[in-house]
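First the structure, in the form of structure tokens, and then the observations on it.
2 protein chains.
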Amino acid sequence: MTALRHFNRYFTRRIGVLDDHYLGQDRPLGEARLLFEIDESASGASLRELRTRLGLDAGYLSRMAKALQAQGLVRSSVHPDDNRLRRVELTAAGRAEVREQNRRAGALASGLLEGLAPDQRTELTGALATAQRLLRLAAITVTRLPGASPDARACLRAYAADIDARFPEGFDESALVRPEEVSGDAGDFFVAYEENRPVGCGALRRLEPGVGEIRHVWVHPDARRLGLARRLLAALEGEATARGFAVVRLDTHASLTEAQAMYRACGYREIPRYDDNVYAAHWFEKRLA
Amino acid sequence: MTALRHFNRYFTRRIGVLDDHYLGQDRPLGEARLLFEIDESASGASLRELRTRLGLDAGYLSRMAKALQAQGLVRSSVHPDDNRLRRVELTAAGRAEVREQNRRAGALASGLLEGLAPDQRTELTGALATAQRLLRLAAITVTRLPGASPDARACLRAYAADIDARFPEGFDESALVRPEEVSGDAGDFFVAYEENRPVGCGALRRLEPGVGEIRHVWVHPDARRLGLARRLLAALEGEATARGFAVVRLDTHASLTEAQAMYRACGYREIPRYDDNVYAAHWFEKRLA
DNA sequence: TCTGTTCTTTGACTAAAGTCAAAGAACTAT
DNA sequence: ATAGTTCTTTGACTTTAGTCAAAGAACAGA
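Sequences listed follow chains A and B, in order.
Residue 100 in the working numbering sits at position 100 of the first sequence; the count goes up by one each step and never skips.
Here the working numbering runs 1000 ahead of the position in the second sequence, where the first position is 1.
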């Protein structure tokens, strides 16, 4: 993949370095990055979170946080849930500093693009968005998890809350698969991770001999429009094939029209009702190769 | 231009940083970058060139070069043209080192894209190429220069050598505009710079009252397919308008079919012969707004 | 209540990155 | 020939970035 390398070389030299130096004008880069990272998590972040997110040494981070505090940009307190954890959040001055740096970065960016015609800028924006979308998708890994694992259950809860808000009649969590239905011989559960954070899931369970059912394919709002649902579907279908299922089925709610379109695009065809799921309005089936 | 900033944040965090750490595994980053930069300019670069290209302090660079030399990766000599300048070039070991780092970077890049389907990789490659092309174009500035300035003459010489190799009958430099034809009242000369290096040119001269002639629009091979010729043309036409010309004309050689297509696309229409240029086979004209 | 673990802070380091100024050699322009 | 400029080298710094280990406070589970 030389295109990525060439782009990387060019981009970091042209934009990255410039940007870093510009932003870090009056503040070491490490501190600037930390400041931004604290800003990201609006209501304050624990040092522990920041440490893993930025991949820093504990001692190093502790000192940087102290320095930011000394500059009045950050305020810290013990975490309400766990007195070992230290929670830091931006002060008003800290927020102003982040705003100012954002303003500068914006000015720099528009300066860099001055020479382009409006349609060229649009083209550039589109290309960058496409590249970012695909790079994000490439960074997401899909792994099989026991149905009872905390991340699996957390995904299902998030899924339930999501569709409860979306379905006019709401959604009752009792309609979710039980952990034992998607563990071991009975089925499987897959979770998608983006930088160690669960951003999607999908379940497969045996419906009857030779027939699997796919359920609860869900993607976190932050990770939509990347093509992740298709990846999850592919993983589930691969597992179904490995288990010797000739056919997979699934159902969807009447309101999930995008999902229906995706299933059709992925080779599913609509079939008559095969279950008594009160939330379902459409039933699909796909014959596996 | 927030798209660029968002992309930059994401990209440097995901790829840039990773890459840097990976490449700089057994060698400080500064040295690794210097090594690459020396490799870029195949036949050796002067310290002065490297200093401006990398934006480093003279003392710092001097020491790094010494360190690379001590490691046997680089060999240095005084510059043949100027005994103050020091020229450095890679040794065989240095070239091997660059190759090895490239190999590693390549492995890293393909690892990063493992999760993507082949068509998604193609899409990513295309998006990155588009983005890079537009970013390069945005970084190029077109400035007016006296016709006799060294950069202007250097561009014309490069242009002459270029078409001498391309025209079946060759090209004689005496057919170039003379400096006084494109200076002051008589005309203008524009040079395009990419990172302080001339990468294109174009001349405008008065042909007869109310009529200007555009000549010698040329783009360095390294900067082709970016849309730079159009930029140069736009600059020349803008100047023609400012000078009160109602019409601009130009001629082209029979073999330059791409150039002819570009002129047509930019609003030029073919007209009968208007000069006795022995190299010309097509004549064009554009009425300015 | 005891034990082991997690999280943060501190001290004591090292290596890399970068700055500044002085000085000598080589060039350029007058 | 002279004066001013350019380029590199060297010495003497400072700041950033990062590592490692010890220690204390707080927590989790038996």
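Ideal placement from N, C-alpha and C gives every residue a C-beta, glycine not left out.
Measure the alpha-carbon distance for residue i versus residue j and round it to whole angstroms.
i, j, result
"residue 54 of chain A", "residue 29 of chain A", "13 Å"
"residue 10 of chain A", "residue 126 of chain A", "19 Å"
"residue 85 of chain A", "residue 1047 of chain B", "50 Å"
"residue 5 of chain A", "residue 1006 of chain B", "20 Å"
"residue 212 of chain A", "residue 260 of chain A", "18 Å"
"residue 243 of chain A", "residue 130 of chain A", "35 Å"
"residue 186 of chain A", "residue 81 of chain A", "37 Å"
"residue 240 of chain A", "residue 176 of chain A", "20 Å"
"residue 124 of chain A", "residue 1208 of chain B", "41 Å"
"residue 1049 of chain B", "residue 1210 of chain B", "44 Å"
"residue 1062 of chain B", "residue 1194 of chain B", "26 Å"
"residue 52 of chain A", "residue 1159 of chain B", "55 Å"
"residue 77 of chain A", "residue 1040 of chain B", "51 Å"
"residue 251 of chain A", "residue 170 of chain A", "17 Å"
"residue 83 of chain A", "residue 196 of chain A", "24 Å"
Can you check which of these residues, the options, is closest to residue i by C-alpha distance?
i, options, result
"residue 79 of chain A", "A:43, A:169 and A:161", "A:43"
"residue 198 of chain A", "A:214, A:228, A:187 and A:100", "A:228"
"residue 1266 of chain B", "B:1234, B:1247 and B:1244", "B:1234"
"residue 1088 of chain B", "B:1075, B:1132 and B:1103", "B:1075"
"residue 2 of chain A", "B:1275, B:1249, B:1049 and B:1110", "B:1110"
"residue 1027 of chain B", "B:1238, B:1262, B:1133 and B:1100", "B:1100"
"residue 135 of chain A", "A:8, A:284, A:280 and A:70", "A:8"
"residue 174 of chain A", "A:156, A:114 and A:168", "A:156"
"residue 1070 of chain B", "B:1102, B:1051, B:1050 and B:1031", "B:1031"
"residue 1255 of chain B", "B:1191, B:1217 and B:1281", "B:1281"
"residue 168 of chain A", "A:253, A:275 and A:62", "A:253"
"residue 1248 of chain B", "B:1192, B:1271 and B:1258", "B:1271"
"residue 1166 of chain B", "B:1104, B:1114, B:1128 and B:1257", "B:1257"
"residue 45 of chain A", "A:59, A:65 and A:60", "A:65"
"residue 1091 of chain B", "B:1118, B:1058, B:1102 and B:1038", "B:1038"
Taking the CB atoms as reference points, tell me whether residue i and residue j lie closer together than 9 Å.
i, j, result
"residue 181 of chain A", "residue 203 of chain A", "yes"
"residue 188 of chain A", "residue 236 of chain A", "yes"
"residue 1273 of chain B", "residue 1286 of chain B", "no"
"residue 1206 of chain B", "residue 1245 of chain B", "yes"
"residue 179 of chain A", "residue 150 of chain A", "no"
"residue 1224 of chain B", "residue 1142 of chain B", "no"
"residue 1144 of chain B", "residue 1226 of chain B", "no"
"residue 1035 of chain B", "residue 1068 of chain B", "yes"
"residue 1238 of chain B", "residue 1217 of chain B", "no"
"residue 1192 of chain B", "residue 14 of chain A", "no"
"residue 302 of chain A", "residue 1137 of chain B", "Because chain A here runs from 1 to 289, residue 302 of chain A falls outside it and cannot be looked at."
"residue 113 of chain A", "residue 121 of chain A", "yes"
"residue 1276 of chain B", "residue 1283 of chain B", "no"
Within 10 angstroms of the Cβ of residue i, are there 16 or more other Cβ atoms? Answer buried if so, exposed if not.
i, result
"residue 1219 of chain B", "buried"
"residue 1097 of chain B", "buried"
"residue 278 of chain A", "exposed"
"residue 1094 of chain B", "buried"
"residue 184 of chain A", "exposed"
"residue 12 of chain A", "buried"
"residue 1033 of chain B", "buried"
"residue 1263 of chain B", "buried"
"residue 148 of chain A", "exposed"
"residue 152 of chain A", "buried"
"residue 1154 of chain B", "exposed"
According to DSSP, is residue i part of a helix, a strand, or is it coil?
i, result
"residue 1250 of chain B", "strand"
"residue 1193 of chain B", "strand"
"residue 1284 of chain B", "strand"
"residue 168 of chain A", "coil"
"residue 276 of chain A", "coil"
"residue 133 of chain A", "helix"
"residue 1201 of chain B", "strand"
"residue 1212 of chain B", "strand"
"residue 116 of chain A", "coil"
"residue 1052 of chain B", "helix"
"residue 1073 of chain B", "coil"
"residue 222 of chain A", "helix"
"residue 90 of chain A", "strand"
"residue 1256 of chain B", "coil"
"residue 1110 of chain B", "helix"
"residue 1300 of chain B", "With chain B running from 1001 to 1289 in the structure shown, residue 1300 of chain B is simply not present."
"residue 1098 of chain B", "helix"
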